[in-house]
Each structure stands twice: as C-alpha cells, then as structure tokens.
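Each residue of the sequence shown is one higher than the one before, counting from 0 in numbering that gives the first Met the number 0.
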Amino acid sequence: MTTDALSSAIPVPDELANNVFITSLNTVYNWSRRNSVWPMVFGLACCAIEMICTAASRYDLARFGMEVFRATPRQSDLMIVSGTVTKKMVPTIVRLYNQMPEPRYVLSMGACASGGGPFKEGYNVVDGIDKFIPVDVYVPGCPPTPQALINGLIALQEKIDHQSILTVPWYRKDTPGEVVPIPVLGPDLVDLRQLDKIRTEAEKVQPEPEIEAAAAA
Ligand code: SF4
0 MTTDALSSAI PVPDELANNV FITSLNTVYN WSRRNSVWPM VFGLACCAIE MICTAASRYD
60 LARFGMEVFR ATPRQSDLMI VSGTVTKKMV PTIVRLYNQM PEPRYVLSMG ACASGGGPFK
120 EGYNVVDGID KFIPVDVYVP GCPPTPQALI NGLIALQEKI DHQSILTVPW YRKDTPGEVV
180 PIPVLGPDLV DLRQLDKIRT EAEKVQPEPE IEAAAAA
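Have a look at this one:
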C-alpha cells in the first residue's frame, strides 16, 4: 500500500495530524542499526592511514553513528579490511571475523584488500579477502580517499536499510552464524574448505621417474 493510500485508509484526528507518523518494525530496527555501526580498530597497511583520517575530526564519522571504533571484535559490527592482506595475516583476520557477533559486516577498502592490488602477483599476498570471508561492500582505490570510504559506509547503511527482520540469518534457527575455518599457514596458506580439491589435485601429480627409482633403491 502506498503512503497516500495508507494515510487515506487510516483516519487521523485534526489535532493529531502533525504529530503522528506511521512506521514499521523493520524501519525502526534498521534505523537504529544503521546509525550505530561500530567499526573495529584494525588496519593492515597504507589504506589504514586513510581510514584513520576518516575517523578524525575533519570528516566527522559521528554524523553516521560510526565514531565508536572498538578495540575488540566482541563489540564490533563492522570490519574494515584496510590494506594489503598477506598470507601471514589471513588466519588472524578470519579469527577476528569469527569472534564478531552477528549482525556483522565486512567492508573491503582499497585495491589490495579487494584483489591484491599492486602486490597481486606476490608470493606472500592473497588476491582478495573475499576468498576467505564474505564482503558486503567494496571500496575501490589505491588508496581510497576518506570521501570514498564514507561513500562505502553510506552504501553499507543502504544495504542495512533493505534487510528484513523476518529474513536476516541471525534470527533463524536453520542458519546459525557462519564460522569460517581458520586457514593454516605452512609453506603456503591452506584454506581448509578446499582440502578435498587440494587432495584430488595432489593425487593427479605423477612422481618423477628418477625420484621413483631412488625411492625403490
Ligand atoms: S590499495 Fe594502495 S594504498 Fe591501499 S594498502 Fe594497497 S598499496 Fe596501500
């Protein structure tokens, strides 16, 4: 029903006409959440400097209710992955993500976090944090400016606006909060969700004849 149709269907006394507004539980629920998104204090490389600028007085994140950066994942709603994601850091990032309570969101800030950036071919860098944890908003740039980050945060607020209290996964018994297996860092980074695929590929590799002969001798 449109707003006009709704207002004509519900009679409002003249003395209350300018004092009553009609809303929905969803709107109130999302309005309170969108204006109190607390990001985690967490930075990885140069993009983090821009994130810090965004939190300073000039850009005034308090306008969006996001000025309360928390130093613990237990009190954070938003992880801003700001910087180059090295293989060494991935287990820590995934652990922090698992420790955040629902509802939780992830913003990938900059070319490095979204796809490896200028270090994409590096032996020590992963080509996107979304290979390991779900990302809600991507902010392009190297580095993105504070204005670009703010634009990404507004995009996140718009995403929150469209969520429904009836379908969000954190209130549903059949969709318990996702726990991402923490990748193992050895000679290389191993995503435990890919173990079957890794085994299958390893079995396809034939041993070299010289090595086979040396092993038999
Ligand atoms: S995207 Fe650019 S500015 Fe951001 S961490 Fe990578 S190299 Fe640094």
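Glycine residues also receive a C-beta, built at the ideal position from the N, C-alpha and C atoms.
Under three-state DSSP, which class holds Pro145?
-> Here Pro145 sits in helix by DSSP.
Cβ-heavy atom distance, Gly121 to the ligand SF4, below 8 Å = Residue side-chain check: Gly121 keeps its Cβ at 8 Å or more from all non-hydrogen atoms of the ligand SF4.
Which word fits Gln74, buried or exposed, when buried means at least 16 other C-beta atoms lie within 10 angstroms of its C-beta?
-> Answer is exposed; the Cβ neighbour count stays below 16.
For Arg69 and Met39, believed in contact at Cβ under 8 Å, the rounded distance = Between Arg69 and Met39 the Cβ distance is about 6 Å, and since that is below 8 Å, they are a contact.
Got a list of residues with beta-carbon closer than 5 Å to any non-hydrogen atom of the ligand SF4, in chain order?
-> Spelled out in chain order, the answer is Ala44, Cys45, Cys46, Gly82, Thr83, Gly109, Ala110, Cys111, Gly116, Cys141 and Pro142.
Scan the segment 103-186 and note each continuous beta strand (DSSP E) run of 3 residues or more that stays entirely inside, going in chain order.
-> Runs found: 104-108 and 136-138.
Ends of the alpha helix (DSSP H) at Leu77?
-> Counting along the chain, Leu77 falls outside any alpha helix (DSSP H), though it belongs to the beta strand (DSSP E) covering Leu77 to Ser81.
Sorted by chain position, which residues of the same chain lie with C-beta nearer than 6 Å to Leu95's C-beta, five sequence neighbours on each side aside?
-> Cβ-Cβ distances below 6 Å link Leu95 to Pro72 in the same chain, with the five nearest sequence neighbours on each side left out; the list follows chain order.
Quick one, which of Leu77, Arg192 and Asp13 has its alpha-carbon nearest Gly151's?
-> When each option's Cα is compared against that of Gly151, the closest is Leu77.
Count the other C-beta atoms from every protein chain shown that fall within 10 angstroms of the C-beta of Ala112, then say buried if there are 16 or more, exposed otherwise.
-> So Ala112 ends up on the buried side.
DSSP three-state assignment for Thr91, whether helix, strand or coil = The answer is helix: DSSP assigns Thr91 an H, G or I state.
My guess is that Glu49 and Leu148 are in contact by the Cβ rule of under 8 Å, so how many angstroms apart are they, rounded?
-> Taking 8 Å as the upper bound for CB-CB distance, Glu49 and Leu148 are in contact here, some 6 Å apart.
Count the other CB atoms, across all protein chains shown, that sit within 10 Å of the CB of Pro142; report buried if there are 16 or more and exposed otherwise.
-> Pro142 sits buried, since 16 or more C-beta atoms from the chains shown fall within 10 Å of its C-beta.
Expected contact under 8 Å - CB spacing of Val105 and Leu43 to nearest Å = Cβ-Cβ separation between Val105 and Leu43: approximately 13 Å, too far for a contact (criterion under 8 Å).
In angstroms with no decimal places, state the Cα-to-Cα distance between Ile225 and Lys86.
-> A question about residue 225 goes unanswered here, because the residues of the chain that appear run from 0 up to 216.
Based on Cα-Cα distance, which residue from Phe131, Pro100, Pro145 and Tyr137 lies nearest to Leu188?
-> Closest option to Leu188, judged by alpha-carbon separation, among Phe131, Pro100, Pro145 and Tyr137: Phe131.
Alpha carbon of Arg32 to alpha carbon of Pro10, nearest angstrom | Cα to Cα, Arg32 sits roughly 31 Å from Pro10.
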